[in-house]
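Peer 1: If you scroll down you'll find the structure; I have some questions about it.
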Amino acid sequence: MEALLAFAVGGLSAVGVYLMLRPHLIQFLIGFLVLGNAANLVIFTAGRLGSEFPPLVQRSGEVMEPIANPLPQALILTAIVIGFALAAFGIVLFFRTQEVLGTLNAEVLPEVLEEAPTPSPVEEVLPPRPEKERVAV
Amino acid sequence: MSLVVLPLLVPLTTGILALLLPQRAQRFMGLLGALGLLAAAAALLVQVNQQGIQAVQIGNWPAPFGITFVADHLSALMVLITGVVAVAVALYALLEADAPRERLGYHALTHLLLFGVNGAFLTGDVFNLYVWFEVLLLASFVLMVLGAGRAQLAGGAKYFVVSLLSSLLFLAAVGLIYGSTGALNLADLATRVGGVDPTLMNAIAMLFLVAFGLKAAIFPFFFWLPASYPAPPVIVSALFAGLLTKVGVYALIRVFTLLFTQEPAFTHGVILWLAGLTLVLGALLALAQGELRRLLSFQLVSHIGYMLMGLGILTPLALAGSVFYALNHMIVISALFLFAGLLQRLQGTTVLVRMGGLYRTHPGLSALFLLPAFSLAGLPPFSGFWAKFTLAAAGLEAGQYAIVVVALLVGLLTLLSMGLVFAEAFWKEPPENRPAPGHPGGLVLPVALLALLSLGIGIWAEPLLALSQQAAQELLEPTPYIQAVLGVSR
Numbered sequence: 006m007e008a009l010l011a012f013a014v015g016g017l018s019a020v021g022v023y024l025m026l027r028p029h030l031i032q033f034l035i036g037f038l039v040l041g042n043a044a045n046l047v048i049f050t051a052g053r054l055g056s057e058f059p060p061l062v063q064r065s066g067e068v069m070e071p072i073a074n075p076l077p078q079a080l081i082l083t084a085i086v087i088g089f090a091l092a093a094f095g096i097v098l099f100f101r102t103q104e105v106l107g108t109l110n111a112e113v114l115p116e117v118l119e120e121a122p123t124p125s126p127v128e129e130v131l132p133p134r135p136e137k138e139r140v141a142v
Numbered sequence: 004m005s006l007v008v009l010p011l012l013v014p015l016t017t018g019i020l021a022l023l024l025p026q027r028a029q030r031f032m033g034l035l036g037a038l039g040l041l042a043a044a045a046a047l048l049v050q051v052n053q054q055g056i057q058a059v060q061i062g063n064w065p066a067p068f069g070i071t072f073v074a075d076h077l078s079a080l081m082v083l084i085t086g087v088v089a090v091a092v093a094l095y096a097l098l099e100a101d102a103p104r105e106r107l108g109y110h111a112l113t114h115l116l117l118f119g120v121n122g123a124f125l126t127g128d129v130f131n132l133y134v135w136f137e138v139l140l141l142a143s144f145v146l147m148v149l150g151a152g153r154a155q156l157a158g159g160a161k162y163f164v165v166s167l168l169s170s171l172l173f174l175a176a177v178g179l180i181y182g183s184t185g186a187l188n189l190a191d192l193a194t195r196v197g198g199v200d201p202t203l204m205n206a207i208a209m210l211f212l213v214a215f216g217l218k219a220a221i222f223p224f225f226f227w228l229p230a231s232y233p234a235p236p237v238i239v240s241a242l243f244a245g246l247l248t249k250v251g252v253y254a255l256i257r258v259f260t261l262l263f264t265q266e267p268a269f270t271h272g273v274i275l276w277l278a279g280l281t282l283v284l285g286a287l288l289a290l291a292q293g294e295l296r297r298l299l300s301f302q303l304v305s306h307i308g309y310m311l312m313g314l315g316i317l318t319p320l321a322l323a324g325s326v327f328y329a330l331n332h333m334i335v336i337s338a339l340f341l342f343a344g345l346l347q348r349l350q351g352t353t354v355l356v357r358m359g360g361l362y363r364t365h366p367g368l369s370a371l372f373l374l375p376a377f378s379l380a381g382l383p384p385f386s387g388f389w390a391k392f393t394l395a396a397a398g399l400e401a402g403q404y405a406i407v408v409v410a411l412l413v414g415l416l417t418l419l420s421m422g423l424v425f426a427e428a429f430w431k432e433p434p435e436n437r438p439a440p441g442h443p444g445g446l447v448l449p450v451a452l453l454a455l456l457s458l459g460i461g462i463w464a465e466p467l468l469a470l471s472q473q474a475a476q477e478l479l480e481p482t483p484y485i486q487a488v489l490g491v492s493r
């Protein structure tokens, strides 16, 4: 079981790293989600496998032996929630980036930044949304 | 009654209240919350100083099972200076924050960021450290792109991407260290890491080094910082510059004194090399910059090297130097970033060639700039001098002559860089047909406050230096820390 999971972690990592190295930011985000699952599986595997019993305590208070380790599951649950929040923010951020800068190519973004080295002035806050998309439809 | 959770509760309450209050009241709430945080942090430091290391078990779950918050001298000092920076930035924001950003929740977000930063400083559990990092990261992502200017979005995307990468590495490292020891509580881990194969521990240590190094912007992971920090307005970037990289440095100091001390010749040798390269590259790249905030960003990177240098040498004096340097640098770099905002306000630009002539119209302001600038370069009698002096003395004592030479040379390069800024922005003739500079008004107050604090620490260095030495002592002798958390000495 450990060997199988180790291969799964390796495979997911390979896919995740490949996607994260692509220049397109949405591909990066998908790569992050895949690699995040690989990291979660690492925690799961590291928490010692070997039991199919749920980590539950009986009403009488005695523990079912052998018991699965509940801690990795709690950690992974937390990590999944955080990963979800980050991915949600990333999607919104990249949507807005596409809207304002017109590109999601990571190789073009540095040049965009070079154009405007000074901090964005107050007037630049909340630029008006381009009207043309709404009209064009 | 332990005060450990107070620096967490104050910013959290402030953040929530600031969301609910009307817009005009928010900025005063922001200042009030920052002052409250400073008071709470000061009270915590006094308590730690008098009663030793403070630990709190949330929900009364005993130590290795529950959530632990610990405050030793290092944590308490970091939280205290966080409070100082928060007050200065809140004062600046009182006058400078623009209405659209306030409407979008600028004040609430800054306090949630402070909440995350303090949580990272005070947590006693490596998985919770990951969670606190995410809390502060999410707040910082939103602050970074709030208002969605072009440069902000481009810099924000870069910052987001790099932060996600370091989070993943951190998460994987947490999984591996849990797998090899079966513990997550830092104190519990410290008692168990001795039994693990040192080669495996070194591999995990390198994973932690990369994860925290990305956040602390050390060589070779610093490229993202100068690309993203100059983008948001100064009330955001001053806060980031003062606090966020220091959280990475704090995490490095914590794990590399408590957990990864089996083979210091390897792990701390690597850190020392990275420290030297960070110092030199940051300083040289800073000299090549034509825009003030990018220049300061590279200076920020360069000076992270000093803090790493103390950690790499790993003697009591060197660690005290690292802690002192981190505290001093939080004050100085925030002051310089706020000053950049001031210059932007006065001259309408932070591009150095387009600036000039301020010495004639604002001599007092020009003199004020020299205070944090000299402190950054490490001239006496400023706090930066004592920080560098402690590190150099520790390096000579430990026989690490190469890094001391590098550190002193970088001090000279910093002075050169700051001198160039002074010559460009203040001394030279103003460019033709430029509108007359405006008046900084009350914005000088927070900058002057930080600059004078740096001068005050420099003249009256003894108390803070003693506290830093106490912190270093606790880091190198973790038994009281473990005892405070676990309740028993194992």
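Those protein sequence lines, which keep their order, are chains Z and S. Mapped onto my numbering, the consecutive letters of the first sequence carry residue numbers 6 to 142. Mapped onto my numbering, the consecutive letters of the second sequence carry residue numbers 4 to 493. For glycine and all other residues, C-beta sits at the position ideal for the given N, C-alpha and C. In this text the structure is predicted, and so the values were computed from the model without any measurement.
1) Determine the direct distance from the alpha carbon of S/L455 to that of S/L374, and round the result to whole angstroms.
2) Indicate the three-state DSSP secondary structure (helix, strand or coil) for S/A286 in the structure shown.
3) At the 8 angstroms Cβ level, is Z/A121 part of the contact set with chain S, yes or no?
4) What did DSSP end up calling S/V8 once you bin it into helix, strand or coil?
5) Give me the DSSP bridge partner(s) of S/T270.
6) Relative to the C-alpha of Z/G52, which candidate in S/L187, S/A21, S/D101 and S/R106 has its C-alpha closest?
7) Can we say the stretch 250 to 264 of chain S touches the stretch 183 to 201 of chain S, given the rule of at least three CB pairs closer than 8 angstroms?
8) How many Å lie between S/L39 and S/T16 at the Cα?
9) Ignore the nearest five residues each way along the sequence and tell me which others in Z/I81's own chain have a CB closer than 7 angstroms to its CB.
10) Do S/L470 and S/L80 come within 8 angstroms of each other at the CB atom, strictly closer than that value?
11) Express the C-alpha separation of S/E432 and S/T260 in angstroms, rounding to a whole number.
12) Do you know whose CA, among S/F130, S/G414, S/F124 and S/A89, lies nearest S/L112's CA?
13) CA-CA distance, Z/M6 and Z/L54?
14) Grouping DSSP H, G and I as helix and E and B as strand, with all else coil, what is S/P481?
15) Between the beta-carbon of Z/L114 and the beta-carbon of S/K161, is there less than 8 angstroms?
16) Identify the contact partners of Z/A93 in chain S, using a Cβ-Cβ distance below 7 angstroms as the criterion.
17) Report buried or exposed for S/D128, applying the criterion of at least 16 other Cβ atoms within 10 angstroms of its Cβ.
18) Say yes only if the C-beta of S/A42 is nearer than 7 angstroms to one or more non-hydrogen atoms of the ligand GDP, and no if none qualify.
19) Identify each residue in the stretch 250 to 266 of chain S for which the Cβ-Cβ distance to at least one residue of chain Z is less than 7 angstroms, and report them in chain order.
20) Do you know offhand how far S/A268's Cα is from S/W276's?
21) On the criterion of 16 or more Cβ atoms from any shown chain inside 10 Å, does S/G272 qualify as buried, or is it exposed?
22) DSSP has S/F425 in a bridge; who is on the other side?
23) Quick one: Cα of S/H114 to Cα of S/G33, how far?
24) How would you call S/Y232, buried or exposed, if buried means at least 16 neighbouring beta carbons within 10 angstroms?
25) So, under 8 angstroms CB-CB, S/P319 and S/Q486 are touching, yes? Tell me the CB distance rounded to an integer number of Å.
Peer 2: So, to answer that:
1) 8 angstroms
2) helix
3) With a pLDDT of only 46 at Z/A121, under the threshold of 50, the placement of this residue in the model should not be trusted; the figure read from the coordinates follows. Output row for Z/A121: interface = yes.
4) coil
5) Its beta-bridge partners do not exist; DSSP assigns none.
6) S/L187
7) yes
8) Position check: residue 39 of chain S holds Gly in this sequence, whereas Leu was assumed. When rounded, the distance between both Cα atoms is 11 angstroms.
9) N45, I48 and F49
10) yes
11) 51 angstroms
12) S/A89
13) 8 angstroms
14) coil
15) yes
16) The contacting residues do not exist; Z/A93 stays about 10 angstroms from chain S at best.
17) buried
18) Ligands are entirely absent from the displayed structure, and the ligand GDP is therefore not among its contents.
19) none
20) 12 angstroms
21) exposed
22) According to DSSP, which records beta bridges pairwise, S/F425 is partnered with nothing at all.
23) 7 angstroms
24) buried
25) Wrong, their Cβ atoms sit about 20 angstroms apart, outside the cutoff.
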